[in-house]
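Working notes, beginning with the structure itself.
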Amino acid sequence: MIKRITSLTLAFSGLTLLVSSIVLYIGPPSHVGHFSPWSFWGLSKHHWGAMHLNGGILFCIAMLIHVYHNWRLLISYMKRKKKQPPVSSYIPVFLSLVLTLFVCTGSYHNATPMKQIMGVARGLKMNLVQKYSSPPYGRSSDYPVAVIAAYMGWNTKAAFKQLQDNNIIVDSPKQPLMEVARKNRTTIGHLLDIMHTN
1 MIKRITSLTL AFSGLTLLVS SIVLYIGPPS HVGHFSPWSF WGLSKHHWGA MHLNGGILFC
61 IAMLIHVYHN WRLLISYMKR KKKQPPVSSY IPVFLSLVLT LFVCTGSYHN ATPMKQIMGV
121 ARGLKMNLVQ KYSSPPYGRS SDYPVAVIAA YMGWNTKAAF KQLQDNNIIV DSPKQPLMEV
181 ARKNRTTIGH LLDIMHTN
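Residue 74 in the UniProt record's numbering sits at position 74 of the sequence shown, with consecutive numbering throughout.
As structure tokens, then:
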């Protein structure tokens, strides 16, 4: 029963990790993801990150339990069978280690094909940065319009008036920028462009 539950948990949490990894791979960088209205399947960058982290922890716990219950089997994979030649019995262990080391060290040294995989991710993320723009500082989307304008060195009243003059529904200068963007179905980057008064 425990083995079955562990195996199924490994499969389901592994699937969660796979899906969340793909979404985080194609999604915007964190500073833009938290700043923009970006979402995938109705979940924000924060939600996908939390799902990935917690799914990973569950996967690791299930993997440790799986290793505990299948320890003898794992050891048998590494041991040489009596009728098997010494070299061929260690080939699976050797190849597994080489593959793992290749991916880990290749990622560190920016080797092919890891370099290309990271290049594609970087390209996808930069496209989303151009689409949504970068926040002036971390978690700025949670701050009121007036605070953002003051931080950027803009005239607060003029920035607020610019929003109203451009048909942006904004209740007060104390309203958080993210709330204004959601209400107007636009990006924070677009709001910042409007607020910027020379």
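No residue lacks a Cβ here, since even glycine has one placed at the ideal position from N, Cα and C.
Bear in mind that the values here come from a model prediction, so they are computed numbers and not experimental data.
Q | Residues bridged to F40 (per DSSP) | A | L43
Q | First through last residue of the alpha helix (DSSP H) which encompasses Q164 | A | 156-165
Q. Is the CB-CB distance between M114 and V103 below 8 Å?
A. yes
**Q.** According to DSSP, residues forming a beta bridge with P176
**A.** P144
Q: Figure out for me which residue from K3, D142, K79 has the closest Cα to the Cα of H69.
A: K3
Q: Can you give me the start and stop residues for the alpha helix (DSSP H) that K3 sits inside?
A: 2-26
Q. Pick from L191, Q130, V145: whose alpha carbon is nearest that of G27?
A. Q130
Q. Would a C-beta distance cut-off of 8 Å place Q175 and V145 closer than the cut-off?
A. yes
Q.
Quick check on DSSP: helix, strand or coil for V103?
A. helix
Q.
Between which residues of its own chain and I65 is the CB-CB distance below 8 Å, once the five residues before and five after are set aside?
A. I2, T6
Q. Looking only at its own chain, which residues have a Cβ that is under 8 Å from the Cβ of W48, when we skip the five neighbours before and after it?
A. S20, V23, L24, G27, F40
Q) With distances taken from CA atoms, which of M118, G106, F160, G56 is nearest I194? A) F160
**Q.** Same chain, Cβ closer than 7 Å to H52, neighbours up to 5 away in sequence not counted
**A.** L17, S20, S21, L24
Q) Straight-line CA distance for F12 to Q162? A) 50 Å
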